[in-house]
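Student: These protein sequence lines are chains A and B, in that order. Start counting the first sequence at 1; every next residue gets the next number (full-length UniProt numbering). Start counting the second sequence at 1; every next residue gets the next number (full-length UniProt numbering). Cβ coordinates follow ideal geometry from the N, Cα and C atoms, glycine included.
Protein chains: 2
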Amino acid sequence: MSAHETFAAHNDAFVSTFNQGDLKLTVPNKKLVVITCMDARVDPAAQLGIAIGDAHVLRNGGGSAREALRSILISQRLLGTREIAVFHHTDCGMFTFTNESLSSKIKSESPGDLDVAIAVDEVNFRAAYANLDESVAGDVKFLKEHPLVMKDTVVTGWVHETHTGRVKRVV
Amino acid sequence: MSAHETFAAHNDAFVSTFNQGDLKLTVPNKKLVVITCMDARVDPAAQLGIAIGDAHVLRNGGGSAREALRSILISQRLLGTREIAVFHHTDCGMFTFTNESLSSKIKSESPGDLDVAIAVDEVNFRAAYANLDESVAGDVKFLKEHPLVMKDTVVTGWVHETHTGRVKRVV
Numbered sequence: 001m002s003a004h005e006t007f008a009a010h011n012d013a014f015v016s017t018f019n020q021g022d023l024k025l026t027v028p029n030k031k032l033v034v035i036t037c038m039d040a041r042v043d044p045a046a047q048l049g050i051a052i053g054d055a056h057v058l059r060n061g062g063g064s065a066r067e068a069l070r071s072i073l074i075s076q077r078l079l080g081t082r083e084i085a086v087f088h089h090t091d092c093g094m095f096t097f098t099n100e101s102l103s104s105k106i107k108s109e110s111p112g113d114l115d116v117a118i119a120v121d122e123v124n125f126r127a128a129y130a131n132l133d134e135s136v137a138g139d140v141k142f143l144k145e146h147p148l149v150m151k152d153t154v155v156t157g158w159v160h161e162t163h164t165g166r167v168k169r170v171v
Numbered sequence: 001m002s003a004h005e006t007f008a009a010h011n012d013a014f015v016s017t018f019n020q021g022d023l024k025l026t027v028p029n030k031k032l033v034v035i036t037c038m039d040a041r042v043d044p045a046a047q048l049g050i051a052i053g054d055a056h057v058l059r060n061g062g063g064s065a066r067e068a069l070r071s072i073l074i075s076q077r078l079l080g081t082r083e084i085a086v087f088h089h090t091d092c093g094m095f096t097f098t099n100e101s102l103s104s105k106i107k108s109e110s111p112g113d114l115d116v117a118i119a120v121d122e123v124n125f126r127a128a129y130a131n132l133d134e135s136v137a138g139d140v141k142f143l144k145e146h147p148l149v150m151k152d153t154v155v156t157g158w159v160h161e162t163h164t165g166r167v168k169r170v171v
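1) Have a look at N131 of chain A and S75 of chain B and give me their C-alpha separation to the nearest angstrom.
2) In the DSSP assignment, find the unbroken alpha helix (DSSP H) run with T98 of chain A in it and report its ends.
3) Hey, could you find the ends of the alpha helix (DSSP H) A119 of chain A is sitting in?
4) Ends of the alpha helix (DSSP H) at G157 of chain B?
5) Got a sec: is the Cβ-Cβ distance from L132 of chain B to anything in chain A below 8 Å?
6) Starting from the C-beta of D91 of chain B, find all residues in its chain whose C-beta is less than 6 Å away, skip the five residues before and the five after it, and write them out in chain order.
7) Relative to the C-alpha of K24 of chain A, which candidate in B:G165, B:R169, B:K107 and B:V170 has its C-alpha closest?
8) So which of A:G49, A:V33, A:S16 and A:P147 has the shortest CA-CA distance to D12 of chain B?
9) M38 of chain A: which of B:L143, B:A46 and B:G53 sits nearest, CA to CA?
10) I need the DSSP call for R41 of chain A, collapsed to helix, strand or coil.
11) When the Cα of L143 of chain A is compared with those of A:Q47, A:L73, A:H4 and A:A8, which residue comes out closest?
12) Please work out which residues of its chain come closer than 6 Å, Cβ to Cβ, to V171 of chain B, disregarding the five sequence neighbours upstream and downstream, and give them in chain order.
13) Please tell me whether T36 of chain B and F87 of chain B are closer than 8 Å, where the distance is taken between their beta carbons.
14) So is P111 of chain A in contact with chain B if we call contact Cβ pairs under 8 Å?
15) For the ligand MN, is there any heavy atom lying closer than 7 Å to the beta carbon of A128 of chain B?
16) When you compare the CB positions of R41 of chain A and V57 of chain B, do they come within less than 8 Å of one another, or not?
17) Determine whether the beta carbon atoms of residue 180 of chain B and A119 of chain A lie at a separation below 8 Å.
18) Just mark D121 of chain A as buried or exposed, buried being the case when its beta carbon has 16 or more other beta carbons within 10 Å.
19) Can you give me the start and stop residues for the beta strand (DSSP E) that I84 of chain A sits inside?
20) Grouping DSSP H, G and I as helix and E and B as strand, with all else coil, what is L148 of chain B?
21) Using a Cβ-Cβ distance under 8 Å, would D54 of chain B count as near chain A?
22) What do you get for E134 of chain B, buried or exposed, if any count of 16 or more other CB atoms within 10 angstroms of its CB means buried?
23) Sorted by chain position, which residues of the same chain lie with C-beta nearer than 6 Å to V155 of chain A's C-beta, five sequence neighbours on each side aside?
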């Protein structure tokens with residue numbers, strides 16, 4: 001069975017208790033953007049107390065602020081957020097490869113496939129290049145110095161420990 | 001008060017009941033990737049019944065599969081997921097602007113700032129170009145046809161109605 005076959009039953013249960021249909025497309029209650037990893041052990045709503053309507057949540061492999069930039073600009077300029085919190089986490093997959101090792105792995109899984117070889121060379125996998133604290137600090141620095149991120153933005157950087165669930169502020 | 005000042009108290013409460021510290025960096029239980037929007041009314045864990053450890057969750061402005069590609073490749077090739085569910089939602093901010101209108105707005109907010117003008121021209125804001133069902137179908141097509149997405153991947157496309165909380169399969 002595919003996982004999507006379980007969506008309807010779970011969603012029926014959610015809909016039966018859903019009472020926030022008056023929430024419009026507007027400034028999130030906390031004027032907050034959270035950037036965090038796609039990792040299956042991360043759930044920012046539960047771990048940070050983010051309720052429906054509170055914040056924009058951006059997730060990608062590693063919690064890359066660079067990749068999140070487009071969405072941050074839309075969030076700030078059109079929807080009024082003024083704070084960004086960046087989370088990276090312990091035991092993250094982004095520390096297990098290099099751009100070169102992952103490119104080589106994908107090419108080796110489709111030997112002789114020119115479409116694959118060409119396409120994979122166009123991807124920057126954004127492998128982690130620093131330790132965890134430095135990785136967080138680097139993303140915060142990127143946001144604070146970027147000419148398109150609004151000057152009055154509060155930017156903080158955090159590490160999430162996956163084995164305890166605890167978050168700790170780095171910058 | 002900044003929103004981040006509330007993280008510690010919420011996180012203390014989460015940590016006090018957290019008992020899943022044995023979850024390693026491994027294949028998510030459902031071998032599933034969910035792609036959805038950053039919108040504050042979206043909470044895939046609650047709305048789809050995704051527990052900690054179940055799935056990789058990718059979120060960006062609009063739920064763009066193209067922007068999520070890098071993370072999908074890491075998820076599939078290094079962490080073993082084999083299914084992708086794409087969600088876009090009603091009343092989405094991506095339908096309220098064009099690339100040109102948002103670029104012009106940002107430039108007008110920093111008149112004469114050359115750094116801003118240069119930087120904004122490098123951003124593709126990925127404004128929605130189709131109706132909601134077509135937008136979902138377009139992202140599913142992109143994933144099914146992409147040479148780097150694994151051939152045996154189950155890809156489904158869904159619309160999330162923000163005023164009811166209900167999800168409906170499109171493709």
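Tutor: According to the structure shown:
1) So the alpha carbons of these two residues sit roughly 21 Å apart.
2) Counting along the chain, T98 of chain A falls outside any alpha helix (DSSP H), and DSSP gives it neither H nor E.
3) Per DSSP, A119 of chain A belongs to the alpha helix (DSSP H) from L114 to D121.
4) Where G157 of chain B is concerned, there is no enclosing alpha helix (DSSP H), although the beta strand (DSSP E) it sits in stretches over V154 to H160.
5) By this cut-off, L132 of chain B is not an interface position.
6) Here the set comprises T162.
7) Per the Cα distances, B:G165.
8) Answer by Cα proximity: A:G49.
9) When only C-alpha atoms are compared, the closest one is B:G53.
10) Three-state DSSP puts R41 of chain A in coil, outside helix and strand.
11) Closest by alpha carbon: A:L73.
12) Closer than 6 Å at the Cβ level, and outside the excluded window around V171 of chain B, lie A137, V140 and G157.
13) Cβ atoms of T36 of chain B and F87 of chain B: closer than 8 Å.
14) Not one chain B Cβ lies under 8 Å of P111 of chain A.
15) By its list of ligands, the structure shown contains no ligand whatsoever, and the ligand MN lies outside what it can speak to.
16) In terms of Cβ geometry, R41 of chain A and V57 of chain B do not form a close pair [threshold 8 Å].
17) This structure gives no information on residue 180 of chain B, because the portion of chain B shown stretches from 1 to 171.
18) It is exposed - the Cβ of D121 of chain A has fewer than 16 other Cβ atoms within 10 Å.
19) Segment E83 to H89, the beta strand (DSSP E) holding I84 of chain A.
20) Here L148 of chain B sits in coil by DSSP.
21) Closer than 8 Å to some Cβ of chain A, the Cβ of D54 of chain B qualifies, so yes.
22) The residue in question, E134 of chain B, is exposed, as its Cβ has fewer than 16 Cβ neighbours within 10 Å.
23) The residues are I84, V140, L143 and K144.
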